[in-house]
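Here the structure comes first, spelled out in C-alpha cells, and everything after it is commentary.
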Amino acid sequence: MNRILNLLAILSTTVAFSQTNPDVFIANIDSDEEKTTISGLTNLSNDPGYDNQPSFGTDHLLLFAGNNDGQTDIFQMHSRTGRKMLAGGSRAGGEYSPQLTPDGRGIAAVRLDTTGLQRLYIYDKMGDSTVLIPDLMVAYYTFFDANQIVGCYIEDESLNLFVHKLDEAKTYTLLKDVGRSFHKVPGQNSVSYTVTNEQDQQDVYLLDMETLESFFVTQLPIGVNDYAWLDDSRIVVGSKSSLFVYDTFDKKDWVKLADLDASVITDISRIAVNPSGNKIALVGIPK
Numbered sequence: 000m001n002r003i004l005n006l007l008a009i010l011s012t013t014v015a016f017s018q019t020n021p022d023v024f025i026a027n028i029d030s031d032e033e034k035t036t037i038s039g040l041t042n043l044s045n046d047p048g049y050d051n052q053p054s055f056g057t058d059h060l061l062l063f064a065g066n067n068d069g070q071t072d073i074f075q076m077h078s079r080t081g082r083k084m085l086a087g088g089s090r091a092g093g094e095y096s097p098q099l100t101p102d103g104r105g106i107a108a109v110r111l112d113t114t115g116l117q118r119l120y121i122y123d124k125m126g127d128s129t130v131l132i133p134d135l136m137v138a139y140y141t142f143f144d145a146n147q148i149v150g151c152y153i154e155d156e157s158l159n160l161f162v163h164k165l166d167e168a169k170t171y172t173l174l175k176d177v178g179r180s181f182h183k184v185p186g187q188n189s190v191s192y193t194v195t196n197e198q199d200q201q202d203v204y205l206l207d208m209e210t211l212e213s214f215f216v217t218q219l220p221i222g223v224n225d226y227a228w229l230d231d232s233r234i235v236v237g238s239k240s241s242l243f244v245y246d247t248f249d250k251k252d253w254v255k256l257a258d259l260d261a262s263v264i265t266d267i268s269r270i271a272v273n274p275s276g277n278k279i280a281l282v283g284i285p286k
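Counting in numbering that gives the first Met the number 0, the sequence shown tops out at residue 286, every number present.
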C-alpha cells in the first residue's frame, strides 16, 4: 500500500486511498432505444489485496493492477472464462494503470521502481519493457491513437495535463492541476479529462486533438472523481452501490442508471466500458 501512496501522494482527496482492498467487478450492459440496464454483476478479481484500475483491451480482455503477494502487478482476465493471470510476470516495484497499446502488441503501464523512479513503460509479450516517455513522471494516461498519449504528469506537487507525440518525441504541457481520469471519447476526435472547480468538484472537459482546445462538458456529482463513456454521448459514474448517467445531448441532470446489489459491492470508484459497450468493469469494495 505504501507504493500506491507514493505513486500519487498528491491526490490525497481521491477515493482510492480511502478504500480498503478494492476488487474489480464486471457486469453486462443491455441497451435499446428506450432504456439501458445493468445485470450479472460478478466479482472478477475476488482477492483480499488491492485490485484496481481496470481497462478493456478488447471486448473480453480486461487488464487491471492487482495484488500479487503484497506487490501490485499487471493482471489480465478474460471475461468469458474468468481466468486470471499475470501479464508478463512479476517485477520489482509496482505497476499501475495497465492498458493494451493501440496496435494490440504490448501493454503499457506506469511503473514505480523501488528506487522511487516512476515512468510510463510498454511491455512486450516476453515481458521486456521500454520507457515510452523518458524524463516524465507520468501518473495517469490514455492512448488517443498509436502516436499520441494524453495524460498527466507529476511536477511541483500538481498534476499537469500533457499530450505526447511519439513520432516527434515531444511533450506538450497544456494545463496544471487536472484530475486522474482520462478517456478517449468513442467516435470522436477528442479525449476527456477532469479539472477541480471552485466548489472542489470535478468538471469534465473535452480536448480536441486537432486544435488542442478544451470545451466544458459537465460537472461530476459531489465526491466523484472517476467516470467512463457508455457511448459517444453518455457518461457513467458510480456512487456507493449505484450508477448514474449524464447525456451530453440532452444536457439535463444526472439520472440514476442502476442500483446494484449493496450486499455485493459498495464505494464504486473507477469504471471502464468495453469497445462494444456491452460490458462494464467497476472498482468497488466487496461486501
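Where is the CB? At the ideal position from N, CA and C, for every residue including glycine. Keep in mind that this is a model prediction, so the values were computed, not measured.
Alpha carbon of residue i to alpha carbon of residue j, nearest angstrom
i: Thr19; j: Ile284; result: 7 Å
i: Ser262; j: Leu281; result: 15 Å
i: Ile270; j: Glu167; result: 32 Å
i: Ile264; j: Ser240; result: 6 Å
i: Asp252; j: Phe181; result: 22 Å
i: Glu32; j: Gly150; result: 34 Å
i: Leu158; j: Gly178; result: 7 Å
i: Arg90; j: Asp72; result: 8 Å
i: Val272; j: Thr80; result: 18 Å
i: Ile121; j: Asp249; result: 39 Å
i: Val130; j: Ile153; result: 16 Å
i: Arg110; j: Arg118; result: 6 Å
i: Leu160; j: Thr114; result: 25 Å
i: Gly105; j: Tyr139; result: 18 Å
i: Gly186; j: Arg233; result: 12 Å
i: Asp134; j: Asp155; result: 15 Å
i: Pro47; j: Gly65; result: 10 Å
i: Gly276; j: Asp230; result: 7 Å
i: Asp112; j: Thr35; result: 42 Å
i: Asp29; j: His59; result: 16 Å
i: Ala145; j: Lys175; result: 25 Å
i: Asp22; j: Tyr49; result: 7 Å
i: Phe214; j: Val203; result: 9 Å
i: Ile267; j: Val244; result: 14 Å
N-terminal and C-terminal residue of the beta strand (DSSP E) that residue i is part of
i: Ile106; result: 106-111
i: Gly65; result: 60-67
i: Pro97; result: 93-99
i: Ala26; result: 22-30
i: Gly237; result: 233-238
i: Pro285; result: 278-285
Whether residue i touches residue j by CB criterion (8 Å)
i: Leu314; j: Ser189; result: Because the chain here runs from 0 to 286, residue 314 falls outside it and cannot be looked at.
i: Leu61; j: Leu40; result: no
i: Phe63; j: Asn45; result: no
i: Val216; j: Ser191; result: yes
i: Phe142; j: Gln75; result: no
i: Ile37; j: Ile279; result: yes
i: Gln147; j: Met84; result: no
i: Ser238; j: Val254; result: no
DSSP-derived helix/strand/coil call for residue i
i: Tyr226; result: coil
i: Asp72; result: strand
i: Leu205; result: strand
i: Arg2; result: Only weak support is given to the placement of Arg2: the predicted model assigns it a pLDDT of 34, under 50, and the value that follows is read from those uncertain coordinates. It is helical.
i: Gln117; result: strand
i: Met84; result: strand
i: Tyr152; result: strand
Check: residue i C-beta below 7 Å from any heavy atom of the ligand GTP
i: Asp252; result: The model depicted lacks the ligand GTP and carries no ligand whatsoever.
Residue nearest to residue i in terms of C-alpha spacing, selected from the options
i: Met136; options: Ala108, Asp144, Lys124; result: Ala108
i: Ser78; options: Trp228, Tyr226, Gln70, Ile25; result: Ile25
i: Asp102; options: Gln70, Ser213, Lys124; result: Lys124
i: Ala257; options: Asp266, Leu242, Leu165, Ala227; result: Leu242
i: Gln70; options: Gly92, Pro220, Asp225, Glu212; result: Gly92
i: Leu116; options: Glu94, Arg82, Pro220, Thr193; result: Glu94
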